[in-house]
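Asks: Below is one structure. I have some questions about it.
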Amino acid sequence: MRKAFISPTKYVQGEDELFNLGYFVKTFGDSALLIAHPEDVKRIKDKLEWTKNKFNITLIESGFQGECSREEVKRLQELAGQHSCSCTIGLGGGKAIDTAKCVAEGEALIIVPTIAATDAPTSHSAVLYTPEGEFDDYAYFKQSPSVVMIDTTVIANAPTRFLVSGMGDALSTYFEARATSRSYSNVNAGLPCGVREGVCGDAKGTNTALVLAKFCYETLLRDGVNAKISSDCNTVTPALENIIEANILLSGLGFESGGLAAAHAIHNGLTSLAGTHHYYHGEKVAFSTIAQLVLENADPDELNEVLAFCVAVGLPVCLADIGVDSVSYEEVLTVAQKACIPEESIHSMPFPITAEAVAAAIMVADQIGNKYKMNKDE
Ligand SMILES: [Zn+2]
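In numbering that gives the first Met the number 0, the protein residues as written are 0 to 377.
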């Protein structure tokens, strides 16, 4: 059986780690194209100035427009060429990071997440949008980032909702990797460079990825609540460090090399409900994880453990928690149909999938979550 595992070349996290950014730039050359939102640059200006002077590097500010579109990627690649940049830095949230991945095309890339809201930073893929902000396509690169660098002090000072949302994204990782493993489905780590369509190189997940995914879940249960408190206090504790590592590294390696299944497909389906648009990726993934557990009729103790975790850290457990106060069966069926299109990861579940079964799971998960919260309040 062919198996594959992919990861960044180097991962480093620590308090005030940004002071070392110049060192990593220097491993590629003397200058870097900095792709970041101006607001994010402002937050860390002092550290950037310090590391620039200390390591004698030039950072080319890119005037990043905020959207990861083909046009913006082309503009930034030309800018990098004009200044003969030795490497690319993607600093900030999802869009700056994805744009940097597209600009670098798998070469000499430093990723610096300033929030721990998703597990995307470590991966070798990105999502392209149109300049108007509509989904365009997925892009896959030949390598993961060269360096993923996390300044835990910066993460601790970001709004707590981002960190909790990241826990929601990390929550699904084990259950999706477990389903993928049980069904012997392919994982993204096996793809060579290029787009998803028509490429050879199918590969299954490794035991390594499954163990990382399981440890990701165990870390959430152990340290999630205290990490949230730590973030509320804008301070770095071992619990927060463990959750940052779980949200970004463990979940990132776990999803990419362990595989996605029902939870992320249901998440994608849920985006067709307008009410969910104000909620973050990880918040929707948390509820979708509960729906996956209902769909696969998971052990009730396990389901209760997940519900208790979500309520303890403030993650959604029912549709109302993600902005959907009332919904018809037809609307839920539309969500389920979207989750069940042939290219969706839901077909990595270890049994045949129908839209009706997925709709039922979403509706029952909503009721179970509601009931759990009510019983807790009594
Ligand atoms: Zn995700």
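C-beta: ideal position from N, C-alpha, C; glycine also.
A quick note: this is a predicted structure, and the numbers were derived from the prediction, not measured.
Could you tell me if glycine 91 is buried or exposed, where buried requires 16 or more neighbouring beta carbons within 10 angstroms of its beta carbon?
Replies: Numbered from its first residue, the sequence shown carries residue 91 at position 92. Glycine 91 should be labelled buried.
Asks: Please check if any C-beta of chain C sits within less than 8 Å of the C-beta of isoleucine 321.
Replies: You won't find chain C in this structure, because it holds only one protein chain.
Asks: Short of 7 Å in beta carbon distance, which residues of its chain neighbour alanine 285, apart from the five on each side in sequence? Order them along the chain.
Replies: Here residue 285 corresponds to residue number 286 of the sequence shown, with the count starting at 1. Closer than 7 Å at Cβ, skipping near neighbours: Gly167, Leu170, Cys309, Leu314 and Pro315.
Asks: Curious, which full-length alpha helix (DSSP H) runs of at least 4 residues does the segment 34 to 95 contain?
Replies: 37 to 42, 44 to 54 and 69 to 81
Asks: Suppose the cutoff is 6 Å on Cβ atoms and the five residues either side in sequence are ignored; what does the same chain contact list for threonine 8 look like?
Replies: Taking the first residue of the sequence shown as position 1, residue 8 is located at position 9. So the list reads Ser145, once near-sequence residues are dropped.
Asks: Looking at the structure shown, is proline 158 part of a helix, part of a strand, or coil, going by DSSP?
Replies: Taking the first residue of the sequence shown as 1, we reach residue 158 at position 159. Residue state, collapsed to three classes: coil.
Asks: With respect to the alpha helix (DSSP H) encompassing serine 382, which residues constitute its N-terminal and C-terminal limits?
Replies: Residue 382 lies beyond the stretch modelled for the chain, which goes from 0 to 377, so this question has no answer here.
Asks: Any heavy atom of ligand 1 closer than 7 Å to the Cβ of histidine 280?
Replies: Your numbering for residue 280 matches position 281 in the sequence shown. Checking the Cβ of histidine 280 against ligand 1 gives yes.
Asks: Using DSSP with H/G/I as helix, E/B as strand and the rest coil, what is leucine 108?
Replies: The residue labelled residue 108 in the question sits at position 109 within the sequence shown. Leucine 108 falls in the strand class under three-state DSSP.
Asks: From Glu342, Leu306, Gln336 and Leu17, pick the residue whose C-alpha is nearest to that of methionine 373; which is it?
Replies: Position 374 of the sequence shown holds residue 373. Each of Glu342, Leu306, Gln336 and Leu17 was checked against the Cα of methionine 373, and the nearest Cα belongs to Leu306.
Asks: Using the rule of at least 16 other Cβ atoms within 10 Å of the residue's Cβ for burial, across every protein chain shown, is cysteine 232 buried or exposed?
Replies: In the sequence shown, the residue the question calls residue 232 occupies position 233. Exposed, because fewer than 16 other Cβ atoms sit within 10 Å of the Cβ of cysteine 232.
Asks: Grab the span of the beta strand (DSSP E) containing arginine 136 for me, first residue to last.
Replies: Here residue 136 corresponds to residue number 137 of the sequence shown, with the count starting at 1. Inspection of the sequence shows that residue 136 is occupied by aspartate rather than by arginine. It spans 134 to 139 - the beta strand (DSSP E) in which aspartate 136 sits, taken as one unbroken run.
Asks: Just to confirm my understanding: we take alanine 335, look at its own chain, exclude 5 residues before and 5 after, and list those with CB closer than 7 Å. What are they?
Replies: Within the sequence shown, residue 335 is the residue found at index 336, counting from 1. Once the five neighbours on either side are set aside, the close Cβ partners of alanine 335 are Gly268, Ala354, Val357, Ala358 and Ile361.
Asks: Exposed or buried, which one is arginine 177 when buried takes at least 16 other CB atoms within 10 Å?
Replies: Within the sequence shown, numbered from 1, the residue matching residue 177 stands at position 178. The residue is buried, with at least 16 neighbouring Cβ atoms inside 10 Å.
Asks: Taking the C-alpha atoms as reference points, what is the distance between lysine 100 and glycine 251?
Replies: For the purposes of this step, residue 100 is taken as residue 101 along the sequence shown, with counting starting at 1. For the purposes of this step, residue 251 is taken as residue 252 along the sequence shown, with counting starting at 1. In a straight line, the C-alpha of lysine 100 is about 15 Å away from that of glycine 251.
Asks: Assuming proline 262 and serine 287 make a contact with CB atoms under 8 Å, what is their CB distance in whole Å?
Replies: Here residue 262 refers to the residue found at position 263 when the sequence shown is read from its first residue. Here residue 287 refers to the residue found at position 288 when the sequence shown is read from its first residue. Correcting the residue type first, residue 262 is alanine in the shown sequence and not proline. Yes, they are in contact, since the Cβ atoms of alanine 262 and serine 287 sit about 4 Å apart, within 8 Å.
Asks: Please return the same chain residues whose Cβ sits closer than 6 Å to the Cβ of aspartate 365, not counting the five positions on each side in sequence.
Replies: For the purposes of this step, residue 365 is taken as the residue at position 366 of the sequence shown. Answer for aspartate 365: Cys317 and Leu318, listed in chain order.
Asks: Kindly provide the ranges of any alpha helix (DSSP H) runs that are 4 or more residues long and lie completely inside the segment 311 to 368, ordered along the chain.
Replies: List check, alpha helix (DSSP H) in window: 328 to 338.
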